[in-house]
Amino acid sequence: MNALARRIEQDAEPAAACDSGPGARERERLCAVTRTVRPISDLLRFVVGPDGSVVPDIKAKLPGRGIWVTGTRRAVEEAVKRKVFGRGFKREVRPSPDLADRTQQLLERAVLDALAIAGKAGSVAAGFTKAEAAIEHEDVVGLIHAAEAAPDGSRKLAAAWRRRSDAPPVVIGFLGSAQLDLALNRPNVIHAALLAGPVSETFLARCRRLDRFRAGDQHNQAGEAAPN
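If you want my numbering, it's the position in the sequence shown, counting the first as 1, plus 10.
Written out as structure tokens, the structure reads:
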């Protein structure tokens, strides 16, 4: 391992605690599975719990030494299969056979938490009528459609978007209506518009991260249509 790889493999504290704030160059770490250097936004951090279990540190804030793995389901499954965590932590650990499933559940929870924060901040126009009005009068960065939404409503909002922009909208379509209801604390949410702002960007970033985990390295890039 070269000097650079040795330096970035060490992780004595959470990445979030090391970052220098807005404008700072994104930190890099070594993926314990592929042995390639990647920005931490492309990776997932894992730590060891008190019982020796391997714990996904989705927000990269948990204390202690961490191991970084490329943020895809396949990479996490490979890490378990090839006993990467034991070698990386240099101790006996017990990664759960369903670690990839647990990781995906936590990524989904992070998406819903970010949506709830955006809703409380007034950055989500929920309901077809409000979403349509927001597209016409506000700075909208994305559209949210419940997974069971009828195509007609989605087409009408897409048409409203095209009247204001030539660029395709970012569309979030993998959340069910019940999940949207719970996150936004209102009933029967089928369509919504996401207004510009930091909380909305956080929500979209978490959507992209979840999409990448599920789809692998051929994930959608920022600014393109998001996962359905």
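Glycine is no exception: its CB is placed at the ideal position from the N, C-alpha and C atoms.
| query | result |
| --- | --- |
| Endpoints, alpha helix (DSSP H) assigned at Pro-49 | Counting along the chain, Pro-49 falls outside any alpha helix (DSSP H), though it belongs to the beta strand (DSSP E) covering 47-49. |
| Cα-Cα separation between Ala-160 and Thr-139, rounded to whole angstroms | 15 Å |
| Alpha carbon of Ala-89 to alpha carbon of Leu-214, nearest angstrom | 27 Å |
| Proximity below 8 Å, CB of Leu-117 to CB of Ile-182 | no |
| Which of helix, strand or coil DSSP assigns to Gly-33 | At Gly-33 the pLDDT is 42, less than 50, meaning the model places this residue with poor confidence; the figure from the coordinates comes in the next sentence. In this structure, Gly-33 counts as coil in the three-state DSSP scheme. |
| Glu-142, buried or exposed, once every other Cβ within 10 Å from all chains shown has been counted against 16 | buried |
| Integer Cβ distance of Leu-40 from Val-79, believed to fall under 8 Å | Their Cβ separation, rounded to whole angstroms, is 10 Å, which puts Leu-40 and Val-79 out of contact at 8 Å. |
| Beta-carbon contacts of Val-151 that lie in its chain and below 6 Å, excluding the five residues immediately before and after | Leu-204, Ala-206, Ser-210 |
| Cα-Cα separation between Gly-81 and Glu-102, rounded to whole angstroms | 23 Å |
| Three-state class that DSSP yields for Val-58 in the structure shown | strand |
| Reference Val-180; option with closest CA among Trp-171, Gly-59, Pro-66 | Trp-171 |
| Same chain, Cβ closer than 7 Å to Gln-189, five either side skipped, listed in chain order | Leu-122 |
| N-terminal and C-terminal residue of the beta strand (DSSP E) that Glu-38 is part of | 38-40 |
| Of the listed residues Val-65, Asp-111, Gln-114, Ala-157, nearest to Gly-96 (C-alpha basis) | Val-65 |
| Residue interval of the beta strand (DSSP E) (run including Thr-80) | 77-80 |
| Beta-ladder partner(s) of Ala-188, from DSSP | Partner(s): none; Ala-188 has no beta bridge. |
| With 16 other Cβ atoms within 10 Å as the buried cut-off, status of Arg-222 | buried |
| Those runs of the alpha helix (DSSP H) which lie wholly inside the region 186-220 and span at least 4 residues | 187-194 |
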